[in-house]
Amino acid sequence: MSIVVRAIDVGFGNTKYATASAQGQVDCAHFASLAYFGQDEIPVESMGGRRRTVQVPVDGLLYEVGPDVEFAADRFRSRQLHDGYTQTAEYRALATGALHFMKVETVDLLVVGLPVSQYTSKRAALQKAMTGTFHAGRKQRIVVKRALVVPQPQGALYWCAQQNPNVGSPKYKSLVMDVGSRTFDWLVTRGMRVVPHMSDSVTRGVSDILRHIADTVGARMKEDFRDLDAVDRALRSGQILRLNQIDHDLKKFDTAIHKIADQALDFVLARLDGPQELEHIILVGGGAYLYTKAVRRRFPKHKITEVADPMYANVRGFQLLGEQYVRERPELFRADGGSVTSEASVSAGSQ
């Protein structure tokens, strides 16, 4: 019987999850971290046809989540950008939605992450919340037997160590920076061991950049403009933001973007003894594209390691960390009816 390991990274901007894992390769998917609530079930077919979402019951309400959540009826865009995010109904709905789209009934070990600054204080509560029975749709029940909580950038560290074994060598010190929607997290490590007093989080993430641009554009149009997703799409694509039949060139905001990125990096550098001992500087996260220039400018003598699909770096590492956790503690999972004899017996399944 295979032991099912799964990984979810419920970010402030996107919810990422592993869909398959084999021989060190981890496939992932994601959807926007938006959860629209209602009290009645939505029809299977909407005016635009079937949409890829699921309704999740939490605390007496039904939360619609999933890749097509943009087409949900409620257009109020509420993102939970605060320190209590992991305790919200929206967080549970998003995690449950990820489990639903994995198409699993039982998970032997679920791996999730926390910002570095919250890891010590919130780890136990999140581990408890992510264990047990999750309900999705009309009849689906998903049972999570065990949960493992890790600092978010540790996933990226582990993933990068699989690509470059030197990252995991105790001879070398690494700095892993994870640019999220709300938080900018970083870990300093010696090999795979975290140096706690040099690692932390600061609330200077992508949402600060998007809000600054939206506020400025709105003021120029003399109206309230809050569509941060439209700003994000324009920045990522390098295209013009067109509103009210007027073009807005976001390249004019480069100086402000670099300033906000620099403010995050000021906190990082203040924690370091100095960058000279750093062998690896790794930049990941969905917002890495906005911080790359600032990172290179602040660490001019170092090569900056960027990974393919940086948004998935943490969740891919979570998945591999979970698989290793099972291999190192087989007695915990034999008690649940499974057996661990090789890497092949630890499976993420397929979508």
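The sequence shown begins at 25 in this note's numbering and counts up by one. Even glycine gets a Cβ: it sits at the ideal position worked out from N, Cα and C. Treat the numbers as computed from the prediction; the structure is a model and nothing was measured.
Identity of the residues DSSP links to residue i by a beta bridge
i: asparagine 38; result: Ala56
i: methionine 201; result: Trp210, Leu307
i: phenylalanine 357; result: Answer is none; phenylalanine 357 lacks a bridge partner.
i: glutamate 94; result: The partner list for glutamate 94 (beta bridge, DSSP) is empty, contrary to what the question assumes.
Enclosing beta strand (DSSP E) for residue i [first to last residue]
i: valine 241; result: Taken as a continuous stretch (DSSP letters only), valine 241 belongs to no beta strand (DSSP E), being part of the alpha helix (DSSP H) at 230-245.
i: arginine 170; result: Unbroken run through arginine 170: none, as it is neither H nor E.
i: valine 272; result: Per the sequence shown, residue 272 should be read as histidine rather than valine. Its beta strand (DSSP E) spans residues 270-272.
i: arginine 266; result: 265-267
i: leucine 85; result: 85-89
C-alpha gap between residue i and residue j, whole angstroms
i: glycine 346; j: arginine 322; result: 34 angstroms
i: valine 364; j: alanine 31; result: Low local confidence applies: a pLDDT of 34 at valine 364 is under 50, so the model's placement there is unreliable, with the coordinate-based value given in what follows. Distance between the alpha carbons of valine 364 and alanine 31 is about 19 angstroms.
i: glutamate 94; j: lysine 127; result: 22 angstroms
i: tyrosine 182; j: methionine 245; result: 46 angstroms
i: isoleucine 166; j: proline 189; result: 36 angstroms
i: methionine 71; j: serine 225; result: Unreliable positioning characterises methionine 71 in this predicted model, as indicated by a pLDDT of 49, which lies under 50. The coordinate reading is nonetheless provided below. Roughly 43 angstroms separates the two Cα atoms.
i: phenylalanine 291; j: glutamine 111; result: 27 angstroms
i: alanine 258; j: alanine 332; result: 21 angstroms
i: arginine 170; j: leucine 234; result: 37 angstroms
i: aspartate 286; j: alanine 318; result: 6 angstroms
i: arginine 250; j: aspartate 273; result: 17 angstroms
i: methionine 154; j: proline 81; result: 15 angstroms
i: glutamine 375; j: threonine 43; result: Confidence at glutamine 375 is low in this model, with a pLDDT of 38, below 50, so its placement is unreliable and the value that follows should be read with caution. Answer to the nearest angstrom: the Cα atoms are 5 angstroms apart.
i: alanine 113; j: isoleucine 328; result: 38 angstroms
i: valine 212; j: serine 193; result: 13 angstroms
i: alanine 53; j: leucine 252; result: 22 angstroms
i: arginine 76; j: histidine 236; result: 32 angstroms
i: glutamate 422; j: glycine 161; result: Given a span of 25 to 375 for the chain in the structure shown, any question on residue 422 remains unanswerable.
i: lysine 283; j: valine 131; result: 43 angstroms
i: proline 354; j: serine 261; result: 46 angstroms
i: aspartate 83; j: glycine 62; result: 12 angstroms
Extent of the continuous alpha helix (DSSP H) run through residue i
i: glutamate 341; result: According to the sequence shown, residue 341 is glycine rather than glutamate. Unbroken alpha helix (DSSP H) run through glycine 341: 337-352.
i: serine 145; result: 143-153
i: serine 261; result: 252-261
i: leucine 314; result: 312-322
i: alanine 185; result: 176-187
i: glutamate 114; result: 113-126
i: phenylalanine 277; result: Per DSSP, phenylalanine 277 belongs to no alpha helix (DSSP H) and is neither H nor E.
C-beta neighbour in chain C for residue i, strict 9 angstroms
i: glutamine 263; result: The structure shown contains no chain C; it is built from a single protein chain.
Whole-Å CB distance - residue i paired with residue j, under 8 angstroms assumed
i: phenylalanine 78; j: valine 136; result: Here the sequence assigns valine to residue 78, which means phenylalanine is not the residue at that position. Actually they do not touch by this definition, with Cβ atoms about 19 angstroms apart.
i: valine 29; j: glutamine 343; result: 7 angstroms
i: valine 203; j: valine 230; result: 6 angstroms
Would you be able to state if there are at least three C-beta pairs under 8 angstroms between the region 80-90 and the region 115-126? yes
Taking contact to mean at least 3 C-beta pairs separated by less than 8 angstroms, is the region 326-342 in contact with the region 300-318? yes
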